[in-house]
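Just so you know, our numbering puts 326 at position 326 of the sequence shown, and the rest follows in order with no gaps.
Remarks on the structure that follows.
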Amino acid sequence: MSKTYLMKSRTDHQGLSALFPNELSELISQEPSFRGRQLFTWFSSGTFKFDEMKNLPAALRRSLIDRYGETACTSKVVKQQTDADGTVKLLIKLHDGLFVESVLLIDEEGRKTACISSQIGCAMGCTFCRTAELGLERNLTASEIVEQFYHLSEIAGQPSHIVFMGMGEPLANIYETARSIEIFHFSEGLNISARRITLSTCGIPDGIRFLAESLSVPIRLAVSLTSADNDLRTRLMPINSRAPLPELHEALLHYQNIRKKRITLEYVLLGGVNDSDAACRQLVQFARDLECVVNVIPWNPGAGLPYNEPSKNSTERFCSCVEHAGLRVTRRYRRGRGISGACGQLAGTGSSLHHIHPVTKLNEQI
Ligand code: SF4
């Protein structure tokens, strides 16, 4: 908790939901220090209305209401959609009137995963992503990140897993993201195991080094690779012009040397673009010395984006090619299609990844 990045992440709009017990105690320093822990316990159980915190003295509850309003929660759900497969998508309104989306995925085993956003919009410009069209509005605070989890929990039951795979690039909002991860993992709170938290990035080497060296929670790392051809990747993902593949590869090796954890390489398979045998060989070459699993995600076609769904044959051929080279492959098919559960699709169009799920213009529907 004394980590520098946690101190750096404090902002005026921090909110209370991403504060640790000792920090809450400092906010109400006239009270015995255990009051901070009581507040934290209420938040961790999903209670944010001060009036419902019955073990707090009435005078303290009144003073908290005077200071922060009826609730410590800085955001509220204004729209929700549920798909036949159980996928739940929320549109959440923030304190300044902006919106963010979060998704809850339920897999075949009933496992619930919260797909969390870290920014409003995104500056990374991936050409296969609807969020990119929004540009970056602003970073989310750690509270706004954490509250997405609580909103999903209230509506659909508490998720067991978290993926930072929603709107935005989490490593471009590293301090708030790191604080939220610490809160999710904190043993006196939600206590979500590090191996159940995955951060998905478009591949920012400095951020990956930060995860390796500074983050106290050894979360899982997923990288949206999409192509192991440097020129093609630059065309698909402009971040690659600033952090080309050799630099990304070096950062991943560094991460692996320190964390000793398997990395997921996400590969959105775009029909006729990155699904050839040559593309497979480049991927195998890139991954040759990484302990990794390749997650192949066939492109989900969306209006307005110039890509095609790969055929079943080409998807299978690509996966087999990677497997025959000795790499582990998983195939992922999107859930939540019925509610446009892909990035940028709630308004009915678009698709993306690494941020396969939420995001965008639901606010236009309100
Ligand atoms: S795929 Fe992710 S990093 Fe790329 S533009 Fe979309 S939200 Fe940003």
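Virtual Cβ for every residue (Gly too), placed ideally from N, Cα, C.
When C-beta atoms of the region 111 to 131 are compared with those of the region 161 to 176, three or more pairs fall below 8 Å, so the two segments count as touching.
Of the residues assessed, Gly36 falls on the buried side of the cut-off, its CB having 16 or more other CB atoms within 10 angstroms. Excluding five sequence positions before and after His254, the CB atoms of its chain that fall closer than 7 Å to its own CB belong to Arg209 and Ala212, given in chain order. If you check the C-beta of Thr264 against the ligand SF4, you find no heavy atom less than 8 Å away. Sequence-distant partners of Pro218 (beyond 5 residues in either direction) whose C-beta falls short of 7 Å from its own C-beta, in its chain, are Ala194, Arg259 and Lys261. In this structure, Ala132 has its beta carbon less than 8 Å from a heavy atom of the ligand SF4. The ligand SF4 has a heavy atom closer than 8 Å to the beta-carbon of Glu169. Linking Val223 to His95 through their CA atoms gives a straight-line distance of about 31 Å. Not one heavy atom of the ligand SF4 sits closer than 8 Å to the Cβ of Phe318.
By the Cβ rule, the region 137 to 156 counts as touching the region 104 to 121, because three or more pairs are nearer than 8 Å. In this structure Arg138 is not in contact with Ile116, their Cβ atoms being roughly 16 Å apart against a cut-off of 8 Å.
The continuous stretches of alpha helix (DSSP H) do not include Pro298, which lies in the beta strand (DSSP E) extending over residues Cys292 to Pro298.
Phe99 is the residue among Leu64, Gln285 and Phe99 whose C-alpha sits nearest the C-alpha of Lys79.
Taking C-alpha positions only, Leu90 is separated from Met165 by approximately 14 Å.
In the three-state scheme derived from DSSP, where H, G and I count as helix and E and B as strand, Ile65 is classed as helix. Secondary structure remark: continuous alpha helix (DSSP H) runs of at least 4 residues inside the region 116 to 179, in chain order: 130 to 134 and 142 to 156. Under a 10 Å Cβ-count criterion, Arg242 is classified as exposed, with fewer than 16 other Cβ atoms of the shown protein chains found around its own Cβ. A residue is called buried when at least 16 other Cβ atoms come within 10 angstroms of its Cβ; Glu26 does not meet this threshold and is exposed. Asp66 and Cys73 have their C-alpha atoms some 14 Å from each other.
Annotation for Leu283: the continuous alpha helix (DSSP H) segment containing it runs Asp277 to Ala287. Listed as beta-bridge partners of Tyr267 by DSSP are Val296. Taking C-alpha positions only, Leu19 is separated from Asp206 by approximately 26 Å. For Phe20, no beta strand (DSSP E) run applies, since DSSP gives it neither H nor E.
Secondary structure of Leu190 (DSSP, three-state): coil. DSSP, read as helix, strand or coil, puts Phe99 in strand. The C-alpha of His185 lies about 28 Å from the C-alpha of Arg328. Note that the region 80 to 88 does not touch the region 55 to 63; fewer than 3 beta-carbon pairs, one per stretch, sit closer than 8 Å.
With a cutoff of 8 Å, Ser224 counts as near the ligand SF4, since its C-beta is closer than that to a heavy atom of the ligand. In the same chain as Gln256, and ignoring 5 residues on each side of it, the C-beta atoms closer than 7 Å to its own belong to Ile263, Leu290 and Glu291, in chain order.
By the Cβ neighbour-count rule, Asp107 is exposed, with fewer than 16 other Cβ atoms within 10 Å of its own. In this model, Ile162 and Ile192 are separated by some 9 Å (Cα to Cα). Set against 8 Å, the gap from the CB of Met237 to the closest heavy atom of the ligand SF4 is smaller. As computed with DSSP, Thr330 is found in a beta bridge with Asn295. A residue is called buried once 16 or more other Cβ atoms fall within 10 Å of its Cβ, and Arg288, having fewer, is exposed. Taken through DSSP and simplified to helix, strand or coil, Arg220 comes out as strand. The residue among Glu144, Leu269, Leu305 and Ser75 with its C-alpha nearest the C-alpha of Thr330 is Leu269.
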